[in-house]
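Asker: Numbering (my numbering), first residue to last: 109 to 997. So that we are looking at the same thing, I have put the structure below in structure tokens.
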Amino acid sequence: MASKVLDKSYDPHLVEEKWYHYWEKRGYFKADEHAEQKTYSIVIPPPNVTGVLHIGHALNNTLQDILVRFKRMGGYNVLWMPGTDHAGIATQNVVEKQLLEERLDRHSLGREKFIERVWKWKEQSGGTIISQLKKLGASCDWSRERFTMDEGLSEAVKEVFIRLYQEGLIYRSHYIINWCPRCQTALSDLEVEHQEVLGKLYHLKYYFKESDRFVIVATTRPETMLGDTAVAVNPEDKRYQAVIGKKVTLPVVNREIPVIADPYVDIEFGTGCLKITPAHDFNDFEIGLNHDLEQIKVIDEAGRMNENAGPYQGMDRFECREQIIEDFERDGVLIKIEDYRHVVGHCYRCKTAVEPNLSLQWFVKTKPLAKPAIEAVRNGNTRIIPEVWEKTYFEWMENIRDWCISRQIWWGHRIPAWYCGQCGEVMVSKETPTACSKCGSNRLTPETDVLDTWFSSALWPFSTMGWPKETKLLKQFYPTSVLVTGFDILFFWVARMMMMGLKFMGDVPFRDVYIHGLVRDERGEKYSKTRGNVIDPLDLIDRFGADALRFTLAALTMPGSDLKLSESRTEGYRHFANKIWNASRFALMNLDHFNVEEMIEEYPPEEFSLPDRWIRGRLNQAIREVQKSLEDYKFNEASHTLYQFIWHEFCDWYLELTKLYLYNEEGKKRQSLTKRTLLEVLDSILRLLHPFMPFITEEIWQQLPQRKENESIMIAKFPKPDDRYDDEAVADEMGLIIEVTNALRNIRGEMNLPPGEQITVLFRTKSEEVEERLQENQSFIQSLALVQKFKFGRDLEKPLYSAFVVVRGVEIFVPMERSRMEEEAKRLQKEILKIEKESAFIMKKLSNEQFLSKAPPEIVREVKEKALEFSSQREKLEESLVKIKEMLG
RNA sequence: GGGCGGAUAGCUCAGUUGGGAGAGCGCCGGCCUUACAAGCCGGAGGUCGCAGGUUCAAUCCCUGUUCCGCCUACCA
109 MASKVLDKSY DPHLVEEKWY HYWEKRGYFK ADEHAEQKTY SIVIPPPNVT
159 GVLHIGHALN NTLQDILVRF KRMGGYNVLW MPGTDHAGIA TQNVVEKQLL
209 EERLDRHSLG REKFIERVWK WKEQSGGTII SQLKKLGASC DWSRERFTMD
259 EGLSEAVKEV FIRLYQEGLI YRSHYIINWC PRCQTALSDL EVEHQEVLGK
309 LYHLKYYFKE SDRFVIVATT RPETMLGDTA VAVNPEDKRY QAVIGKKVTL
359 PVVNREIPVI ADPYVDIEFG TGCLKITPAH DFNDFEIGLN HDLEQIKVID
409 EAGRMNENAG PYQGMDRFEC REQIIEDFER DGVLIKIEDY RHVVGHCYRC
459 KTAVEPNLSL QWFVKTKPLA KPAIEAVRNG NTRIIPEVWE KTYFEWMENI
509 RDWCISRQIW WGHRIPAWYC GQCGEVMVSK ETPTACSKCG SNRLTPETDV
559 LDTWFSSALW PFSTMGWPKE TKLLKQFYPT SVLVTGFDIL FFWVARMMMM
609 GLKFMGDVPF RDVYIHGLVR DERGEKYSKT RGNVIDPLDL IDRFGADALR
659 FTLAALTMPG SDLKLSESRT EGYRHFANKI WNASRFALMN LDHFNVEEMI
709 EEYPPEEFSL PDRWIRGRLN QAIREVQKSL EDYKFNEASH TLYQFIWHEF
759 CDWYLELTKL YLYNEEGKKR QSLTKRTLLE VLDSILRLLH PFMPFITEEI
809 WQQLPQRKEN ESIMIAKFPK PDDRYDDEAV ADEMGLIIEV TNALRNIRGE
859 MNLPPGEQIT VLFRTKSEEV EERLQENQSF IQSLALVQKF KFGRDLEKPL
909 YSAFVVVRGV EIFVPMERSR MEEEAKRLQK EILKIEKESA FIMKKLSNEQ
959 FLSKAPPEIV REVKEKALEF SSQREKLEES LVKIKEMLG
């Protein structure tokens, strides 16, 4: 079968879509839960269903796709489970913004209508990110795509909620939580971002009852004083012993509050007096509980002062702050204001400053769940890679606090609870109850809160596989092989999946967790819309091709560090793709009439040419390195190996050498064996590269002569080394050719000999064996270094005018005109200087008694050999230089 | 406050049983050599953050230090 000649350069646009459809249509992405093979599975970190692909997704999914394709080619039954997340607060916010543009809001619409709107928006935009993942080449099993609000997954959510509730691991309680006044919902501790802000520290006077004496308290949030129910001092604090138990009067509201003693208070800080607002501060809340203090809320859900705020009622909390300070100043309550840097929590979705607020919420008791999750990582049941993240994981897990899971939004999984209007009983069940289980009343009202999105995400590894049903899929593919994700959701997601997986599946959700870094721009800045430095992966795909983008991301991914993406790098890998394309083009042109039948017969390695045997040996090495690197999640190493091998060994040396055989009609058998090697090595290269660059490798692979219909590189086998070609003698012989060629090229380059100028080369060597080898391989050197004529001899006369170099003890002369001798002298001088520098260091070592006696003998031997080589080389070069100088007078 | 990571060529970064450093891009010089100018050949460029210590030998191990990032946290 004759193969087609490729176009002159690679155009990704023409091939990417075509092959993606081909793979998908043929069902290559599908996992088979009935197959007997060994399995490999990954669940995708579900992107926001209404989101668009950003560069972080591109990285995350490229890495997964590389692993998945690698394993598929390695003979595994692979499941890559795709899907999307409903992203409660984020999605609700987007739709609310849309409504705002129509001068509507969700309350005027009503819950049902609003949720309809969100579903509509989901339908409308939900396909976007999936189609973008396809552009990247992601080989997910799309037939199993899931969404966290699917019926099945919702069933899992209910099941988990109910079971945890029944076990007492979910409870409902009045507690102080983080509240976002903008989103008007509770947030978990994790959803609060701590940011340092420049605020003020206000010092206020609280007078003792009917007295001129007062204590001074300091606060950053003076408006909360309206809810103060005590002033606390440290029990050890000598200054305040007398006032403990006395009462002070709050300004403005004139409420009397006690001075209490609590060891939490820092004697050193400020005046040592701390105002206590149990309803609006986490610490104060705890102290309040310990001292049985009243909890007075003064700020409402929208962040406005409420009815307990007296004259300030209805004011925004920040407005109130200004007003109250003005009033205090007037009344002499304010002593001073200091600039003060401190940390304030902000909503991770809308960046509004959160308000700690007392409210009735649902919580997961996490300590009992965290324990086995810690254990699983400690005993290696789940590995976190790179290992440094284990510490972070432990740190958080060991100090975990109860998880507030209720959200006062509409978009999400409704909490399956009902309240009896008669007796107040709380009922939790899958089905809507018709009557109170306690008093029989039918006056039931459902819970309106929904669950934290991460609650459903935590179930992802098993809910997507059909849990709570005992499916074949779960049996085959749970636990998953690896989770690939960024460190930013280690706590949000990974830790919670660990807890839930262990709890409900009785086993960890994944064997490995591979944590990659963040993609940043060239300057190391995070990509962000506000910074305006966003880079669109689809734009990069469009300009450079998906393969180039994928390879860039893989090459920049090193364990444990962020990656700085630069366009020039992606451009470079587009060049790499083009290089592969052209190398293949060369191969295919020469394989045009190659009869694949010739490949049936087996020949021993000795029958092949030196370059053939050498490249196959190098290929073995490349295969081993890529295999090992991928198994260790060292994507950069694998990429580097591929790049180096393909470009600088296969293209730079091997392809050049094949020309000797391919362009020479004599030696038909050699030519046939060369073509065979060319084809086989190219085929291996393509397969080796396929997980990284799926599109171009398929496009070329389909053009290879031995292809049958209905095949695809995607389901071809990952190459295996052929150890018959691990031959040191071959490597050594080829090494000699390469070194000699480099030396001659150096002379050409340094002496400015244009390629048109042919040279004669004289080899003088003491070793018969080396001379023979050079003779045998002279044709290679001839073509690579553009040599016209060779001379060999053990006692060759040095030509009067020539350039001179020593390689492996072989003296090499390149005769040239006298006029170039000035240049040669300079070149020699440079070489000598280099050797001098190196040998100075070595001589220092050898003159050190300690080194000779204490260093390992083989090291000493090596150094001695090097010293010998250097000195002989130097001697020869100097000799040569002296002669030239004499000659030039 | 606690923890973690980084500092190596002009730029972005590799570099593990410690034996004097590599890549890509950029730069300089030469080539349109029948796969590729998105290419080929050659070259320049580095007291490996600073100071100590261990060792025959330190970019690598230990201690301290400076600078830069990140995570985390209940000093008002």
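C-beta atoms are modelled at their ideal positions from N, C-alpha and C, and glycine is treated no differently. Keep in mind it's a predicted model, so treat the numbers as computed, not measured.
1. If I measure Cβ to Cβ from I432 and keep anything under 6 Å in the same chain, skipping five residues before and after, which residues do I get?
2. How far does the beta strand (DSSP E) with Q729 in it extend, from its first residue to its last?
3. Which ranges does the alpha helix (DSSP H) cover as unbroken runs of at least 4 residues, wholly within the segment 571-630, from first to last along the chain?
4. On a CA-only basis, which of R449, M607 and K538 is nearest A484? Give me that one, please.
5. Compute the distance between the beta-carbons of T158 and W250, then report whether it is under 8 Å.
6. Assuming F900 is part of the beta strand (DSSP E), what are its boundary residues?
7. Output the distance between the C-alpha atoms of I845 and N489, rounded to the nearest integer angstrom.
8. E304 lies in the beta strand (DSSP E); which residues open and close that run?
9. What are the boundary residues of the beta strand (DSSP E) that includes M535?
10. So what does DSSP say about I223, is it helix, strand or coil?
11. Does DSSP put K116 in a helix, a strand or coil?
12. According to DSSP, which residues form a beta bridge with P923?
13. Considering only residues of the same chain and omitting the five flanking positions on each side of M822, which have a CB-CB separation below 8 Å?
14. In or out: Q1005 buried (at least 16 other Cβ within 10 Å) or exposed?
15. Here's a check: name, in chain order, each residue in its chain whose Cβ is nearer than 6 Å to the Cβ of P464, leaving out the five neighbours to either side.
16. What does the alpha-carbon distance come out to for the pair V339 and L306?
17. Per DSSP, what kind of secondary structure is T542 in: helix, strand or coil?
18. Shortest alpha-carbon distance to E757 belongs to which of I223, A691 and G453?
19. So within the segment 388-445, which uninterrupted alpha helix (DSSP H) runs reach at least 4 residues, ignoring any that extend past its ends?
20. Near G520, what residues of its chain come up, given a Cβ to Cβ distance below 7 Å and the 5 sequence neighbours on each side ignored?
21. Go through its chain and collect everything with a Cβ distance to N860's Cβ below 8 Å, but skip five positions before and after it.
22. So what's L765 in DSSP terms, helix, strand or just coil?
23. Determine whether the beta carbon atoms of L1008 and S980 lie at a separation below 8 Å.
24. Expressed to the nearest angstrom, what Euclidean distance is found between the alpha-carbon atoms of E919 and F716?
25. DSSP has V367 in a bridge; who is on the other side?
26. Might you give, ordered along the chain, the residues of its own chain that have their beta carbon closer than 8 Å to the beta carbon of D596, omitting 5 neighbours on each side?
27. Could you say if the segment 392-409 and the segment 358-370 meet the contact criterion of at least three C-beta pairs nearer than 8 Å?
28. Is it buried or exposed for N728, if we count other Cβ within 10 angstroms and need 16 for buried?
29. What's the C-alpha gap between E427 and M413?
30. Using 8 Å as the threshold, is the C-beta distance between T588 and L171 below it?
31. Taking its Cβ as the centre, do 16 or more other Cβ atoms sit within 10 Å of L961, making it buried, or is it exposed?
32. Taking all protein chains shown into account, decide if N956 is buried (16 or more other Cβ within 10 angstroms of its Cβ) or exposed.
33. Label Q349 either buried or exposed according to how many other C-beta atoms from any shown protein chain fall within 10 Å of its C-beta, with 16 as the threshold for buried.
34. Cα separation between N772 and L786?
35. Please state whether the Cβ-Cβ distance between F753 and V265 is less than 8 Å.
36. On the CB-based measure, 16 or more other CB atoms within 10 Å of its CB, does N507 come out buried or exposed?
Answerer: On the basis of the coordinates in this document:
1. Start at 1 with the first residue of the first sequence, and residue 432 comes out as number 324. Once the five neighbours on either side are set aside, the close Cβ partners of I432 are P330 and E331.
2. Numbered from its first residue, the first sequence carries residue 729 at position 621. For Q729, there is no enclosing beta strand (DSSP E); the enclosing alpha helix (DSSP H) has its first and last residue at L718 to E739.
3. At a cut-off of 4 residues, the continuous stretches assigned as alpha helix (DSSP H) that sit fully inside the segment 571-630 are 580-585 and 604-613.
4. Here the question's residue 484 lines up with position 376 in the first sequence. Of the residues R449, M607 and K538, the one whose Cα lies closest to the Cα of A484 is M607.
5. In the first sequence, the residue the question calls residue 158 occupies position 50. In the first sequence, the residue the question calls residue 250 occupies position 142. No, they are not a contact pair.
6. If you number the first sequence from 1, residue 900 lands on position 792. Looking at the DSSP string, the run of the beta strand (DSSP E) that includes F900 is V895 to G901.
7. Within the first sequence, residue 845 is the residue found at index 737, counting from 1. Within the first sequence, residue 489 is the residue found at index 381, counting from 1. Their backbone Cα atoms lie some 51 Å apart in a straight line.
8. Counting from 1 along the first sequence, the entry for residue 304 is found at position 196. Note, E304: beta strand (DSSP E), V300 to F316.
9. Start at 1 with the first residue of the first sequence, and residue 535 comes out as number 427. Segment V534 to V536, the beta strand (DSSP E) holding M535.
10. Numbered from its first residue, the first sequence carries residue 223 at position 115. Note: I223 maps to helix in three-state DSSP.
11. As a first step, residue 116 is located in the first sequence; it is residue number 8 there, counting from the start. Looking at K116 - three-state DSSP - the assignment turns out to be coil, as it is neither helix nor strand.
12. Here residue 923 refers to the residue found at position 815 of the first sequence. According to DSSP, P923 shares a beta bridge with S910.
13. Sequence index remark: in the first sequence, residue 822 carries index 714 (1-based). Closer than 8 Å at the Cβ level, and outside the excluded window around M822, lie W131, Y136, R177, R180, M181, S247, H798, P802 and E806.
14. Given that the chain is displayed from residue 109 to residue 997, the structure contains no residue 1005 and the question cannot be resolved.
15. Taking the first residue of the first sequence as 1, we reach residue 464 at position 356. Excluding sequence neighbours, P464 sits near I284, H388, D389 and F390.
16. Here residue 339 corresponds to residue number 231 of the first sequence, with the count starting at 1. Here residue 306 corresponds to residue number 198 of the first sequence, with the count starting at 1. Near 25 Å, if we compare the C-alpha coordinates of L306 and V339.
17. Numbered from 1 along the first sequence, position 434 holds the residue referred to as residue 542. Three-state DSSP puts T542 in coil, outside helix and strand.
18. Walking along the first sequence from the start, residue 757 turns up at place 649. Comparing Cα positions, the closest option is A691.
19. 390-399 and 425-439
20. Here residue 520 is taken as the residue at index 412 of the first sequence, counted from 1. H194, G196, V558, L559 and T561, listed in sequence order.
21. Numbered from its first residue, the first sequence carries residue 860 at position 752. The residues are E931.
22. What you label residue 765 is simply residue 657 of the first sequence in a count that begins at 1. Helix.
23. Any question about residue 1008 goes unanswered here, given that the chain covers just 109 to 997.
24. Counted from its first residue, the first sequence places residue 919 at position 811. Counted from its first residue, the first sequence places residue 716 at position 608. The straight-line gap from Cα to Cα measures roughly 30 Å.
25. Within the first sequence, the letter at position 259 stands for residue 367. V339, per the DSSP bridge assignment.
26. Position 488 of the first sequence, counted from the start, is the residue given in the question as residue 596. The beta carbon of D596 sits closer than 8 Å to those of L626, all from its chain and outside the five residues before and after it, given in chain order.
27. yes
28. What you label residue 728 is simply residue 620 of the first sequence in a count that begins at 1. Answer is buried; the Cβ neighbour count reaches 16.
29. Start at 1 with the first residue of the first sequence, and residue 427 comes out as number 319. Start at 1 with the first residue of the first sequence, and residue 413 comes out as number 305. M413 has its alpha-carbon roughly 10 Å from the corresponding atom of E427.
30. The residue you call residue 588 lines up with position 480 of the first sequence. The residue you call residue 171 lines up with position 63 of the first sequence. No, these two residues do not count as a Cβ contact at 8 Å.
31. Your numbering for residue 961 matches position 853 in the first sequence. Reading the sequence as shown, one finds Ser at residue 961 and not Leu. Looking at its Cβ environment, which holds fewer than 16 other Cβ atoms inside 10 Å, S961 is exposed.
32. For the purposes of this step, residue 956 is taken as the residue at position 848 of the first sequence. Per the 10 Å Cβ criterion, exposed.
33. Numbered from its first residue, the first sequence carries residue 349 at position 241. By the Cβ-count criterion, Q349 is exposed, with fewer than 16 other Cβ atoms from all chains shown falling within 10 Å of its own Cβ.
34. Start at 1 with the first residue of the first sequence, and residue 772 comes out as number 664. Start at 1 with the first residue of the first sequence, and residue 786 comes out as number 678. Approximately 15 Å between the Cα atoms of the pair.
35. One-based indexing of the first sequence puts residue 753 at position 645. One-based indexing of the first sequence puts residue 265 at position 157. No. Outside cutoff.
36. The residue you call residue 507 lines up with position 399 of the first sequence. Exposed.
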